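What follows is a single structure, written as structure tokens, with notes after it.
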Amino acid sequence: MRAYQILPGDNIDGLQCVDATQRELANGEVRIRVHAVSLNYRDLMVASGNYLVNVDNPIVPCSDGAGEVLAVGHGVTRVQVGDRVAASFFPYWQDGRTSPSKIRHALGGDIDGMLAEEVVLHEDALAKIPPQLSHVEACTMPCAGVTAWNAIFESSNGIRPGDTVLLLGTGGVSVLGLQLAQAAGLRTIITSSSDEKLERAQALGAHHTINYRSMPEWQDEVLRVTHGMGADVVLEVGGQGTVGRSVAAAAMGGSVAIIGGVSGFGGEINPVTLLGGAKRLVGIFVGSRLMLEQVMRFAATSGIKPVVDRVFHFDQAKEAYRYMESGAHFGKVVISMTA
Ligand SMILES: NC(=O)c1ccc[n+]([C@@H]2O[C@H](COP(=O)([O-])OP(=O)(O)OC[C@H]3O[C@@H](n4cnc5c(N)ncnc54)[C@H](OP(=O)(O)O)[C@@H]3O)[C@@H](O)[C@H]2O)c1
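For what it's worth, UniProt numbering labels the leading residue of the sequence shown as 1, then goes sequentially.
Next comes the structure, spelled out in structure tokens:
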């Protein structure tokens, strides 16, 4: 079986496709034939060496994969041969609040991930895929889907139908967040550097769209379209360049989910802006396997089809990474073993 490997910091050119032999299954382990893998901004960070991981040897990259159970080891009860499964970003975080031990390892970070024809994982790391989702759709869920789910429904300050969610940019987390929020009856505002991407967001049902290039003070526009109220939840993926504006755009009593830093990490927030508006900053670190099960169940029952911008073949992994790096995508970029 073939697998990609990369030494963090070796850049996209350092991705190597190698022949690997799979080990025997230990108790509780499951062998999976991977059908599809989705890329996250984090995979670019691992490649460029900007993701904090302590590894000296090449790892199989990518956290997000979906596939089919080929074999089960002794004692496995949660899945059986033929089941379709997605892997949880943190294999040891099954449910509940997080803890250092639950997030001690992450797929495609400090341990081998999913960009391989076959992987072996413990059964506890797996969530069954509902029949409504294809492998390509399901593989968008473990990082981007769970992160958006966690920010909107788990870690916000009690979101209710009709409340407003603000999404920054049109990458994987934000577009899945848009789709989840729309399906839950929430009001949505989304920003982008591209009018064409904003048109696509509008076609998905976004209530308001803002071009953050032509309108650099976009937080004022968020306040204008919400009649001064602001957004009840903000999915803050911008970091340094956006976090202050995100706080300004948040409603009194609302939450700013601190997720990412596509414009760099850092930025300053005046604590008075939080105090005066009783606003909350909430750090989000993907989520648990239970959240993965919940977001896939919600996608299935509400008919969400995660937006997949492009599907590349397994042999084109470097091209897929480069496309993701170009920022041309809207939603998710997927690598399929069968496309
Ligand atoms: N904490 C966590 O658990 C967690 C989980 C997932 C992701 N993340 C982080 O979240 C961020 C997004 O991840 P992703 O995988 O969704 O990335 P992605 O698919 O690569 O999307 C990045 C998008 O960000 C937008 N963008 C770039 N600069 C921006 C700016 N100054 N203001 C607003 N939007 C801007 C662009 O949208 P337009 O092209 O529309 O302008 C771009 O397409 C990354 O920093 C990632 O590391 C964190």
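Cβ coordinates follow ideal geometry from the N, Cα and C atoms, glycine included.
Remember, it's a predicted structure, so these values are computed and weren't measured experimentally.
Secondary structure at glutamine 80, three-state DSSP: helix, strand or coil? Taking the sequence shown and counting its residues from 1, one reaches residue 80 at position 80. If DSSP states are grouped into helix, strand and coil, glutamine 80 belongs with coil.
Starting from aspartate 220, trace the alpha helix (DSSP H) in both directions and tell me its first and last residue. The sequence position of residue 220 within the sequence shown is 220, counting from 1. Unbroken alpha helix (DSSP H) run through aspartate 220: 218 to 225.
Using a Cβ-Cβ cutoff of less than 6 Å, which residues in the same chain neighbour proline 161 once the five nearest sequence positions on both sides are dropped? Counting from one through the sequence shown, the residue named residue 161 turns up at place 161. Within the same chain, proline 161 has close Cβ partners Gly185.
Is it buried or exposed, residue 384, if we count other Cβ atoms within 10 angstroms and call 16 or more buried? A query on residue 384 cannot be resolved here, the shown segment of the chain reaching from 1 to 339 and no further.
Going by C-alpha to C-alpha distance, which of Ala125, Leu25, Leu167, Trp218 sits closest to leucine 70? By one-based count along the sequence shown, residue 70 stands at place 70. Of the listed residues, the one whose Cα sits closest to leucine 70 is Leu25.
Rounded Cβ spacing between isoleucine 129 and alanine 66 (contact assumed at less than 8 Å): For this step, residue 129 is matched to residue 129 along the sequence shown. For this step, residue 66 is matched to residue 66 along the sequence shown. So it is a contact: roughly 6 Å between Cβ atoms.
Helix, strand or coil at glycine 67 [DSSP, three-state]: Looking up residue 67 in the sequence shown gives position 67. It is a strand residue.
contact_flag[the segment 12 to 21, the segment 74 to 90] where n(CB pairs < 8 Å) is 3 or more: no
Three or more C-beta pairs below 8 Å linking the segment 325 to 337 and the segment 152 to 161: no
Here's a check: name, in chain order, each residue in its chain whose Cβ is nearer than 7 Å to the Cβ of phenylalanine 153, leaving out the five neighbours to either side. Taking the sequence shown and counting its residues from 1, one reaches residue 153 at position 153. The residues are Ile159.
Would you say the beta carbon of valine 37 is closer than 8 Å to some non-hydrogen atom of ligand 1? As a position in the sequence shown, residue 37 is number 37, starting the count at 1. False, no ligand heavy atom lies under 8 Å from that Cβ.
How far does the alpha helix (DSSP H) with phenylalanine 298 in it reach, from first residue to last? Along the sequence shown, read from residue 1 onward, the residue named residue 298 stands at position 298. Unbroken alpha helix (DSSP H) run through phenylalanine 298: 289 to 302.
By Cβ distance, which residues of its chain are closer than 6 Å to isoleucine 59, with the 5 residues on each side in sequence left out? To locate residue 59, count along the sequence shown from 1; it is residue 59. Within the same chain, isoleucine 59 has close Cβ partners Asp112.
Thinking C-alpha only, which one of Leu121, Glu117, Leu115, Gly96 is nearest histidine 105? Taking the first residue of the sequence shown as 1, we reach residue 105 at position 105. The option with the nearest alpha carbon to histidine 105 is Leu121.
Could you check if leucine 275 is buried or exposed, using at least 16 other CB atoms within 10 Å of its CB as the buried criterion? In the sequence shown, residue 275 corresponds to position 275, counting from 1. Burial call: exposed.
Determine the DSSP secondary structure at glycine 75, reduced to helix, strand or coil. Your numbering for residue 75 matches position 75 in the sequence shown. Three-state result, glycine 75: coil.
Reduced DSSP secondary structure (H/G/I, E/B, other) of glutamine 16: Residue 16 sits at position 16 when you count from the first residue of the sequence shown. Reduced to three states, the DSSP call for glutamine 16 is strand.
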